[in-house]
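Enquirer: Residues in the sequence shown are numbered consecutively from 1, following my numbering. Take a look at the following structure, please.
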Amino acid sequence: MKKITLKTARMNARLTVEEVAKALDITALSIIRYEENTKKTPIYIFQKLCRLYNVSLDDIKYDTQ
1 MKKITLKTAR MNARLTVEEV AKALDITALS IIRYEENTKK TPIYIFQKLC RLYNVSLDDI
61 KYDTQ
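Written out as structure tokens, the structure is:
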């Protein structure tokens with residue numbers, strides 16, 4: 001199976017950056033930075049994002065830099 005990015009997973013879930021930020025009680029800027037991989041995503045946030053997007057951790061392409 002082809003892996004997808006966090007942004008693609010969010011878009012597939014039909015959620016906006018603002019909706020995700022509100023659901024996780026973090027800033028929209030943090031979501032954008034996680035999606036752009038310019039800010040390291042803590043594992044607990046990564047897990048919450050996957051649950052919110054209804055995807056497995058294994059489905060997400062993530063560059064650990």
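Cβ atoms here follow ideal geometry from the backbone N, Cα and C, with glycine treated the same way.
1) Spatial neighbours of I32 within its chain, please: C-beta separation below 8 Å, excluding the five flanking residues on both sides.
2) Select from N12, K3, K2 the residue whose C-alpha is nearest the C-alpha of N54.
3) Around the C-beta of Y44, are 16 or more other C-beta atoms found within 10 angstroms, so that it is buried, or is it exposed?
4) Using CA coordinates, which residue listed in V20, D25, E35, I26 is at the minimum distance from K77?
5) Quick one: using the 10 Å Cβ neighbour count with 16 as the cut-off for buried, is L49 buried or exposed?
Expert: Taking the coordinates as given:
1) Taking the sequence shown and counting its residues from 1, the one referred to as residue 32 is at position 32. If we look at I32 and ignore the five residues flanking it on each side, its Cβ neighbours are V17.
2) Against the sequence shown, residue 54 aligns to sequence position 54. Of the listed residues, the one whose Cα sits closest to N54 is N12.
3) Residue mapping note: residue 44 aligns to position 44 of the sequence shown, counting from 1. It counts as exposed.
4) Given a span of 1 to 65 for the chain in the structure shown, any question on residue 77 remains unanswerable.
5) On the sequence shown, position 49 is the one that residue 49 refers to. Per the 10 Å Cβ criterion, buried.
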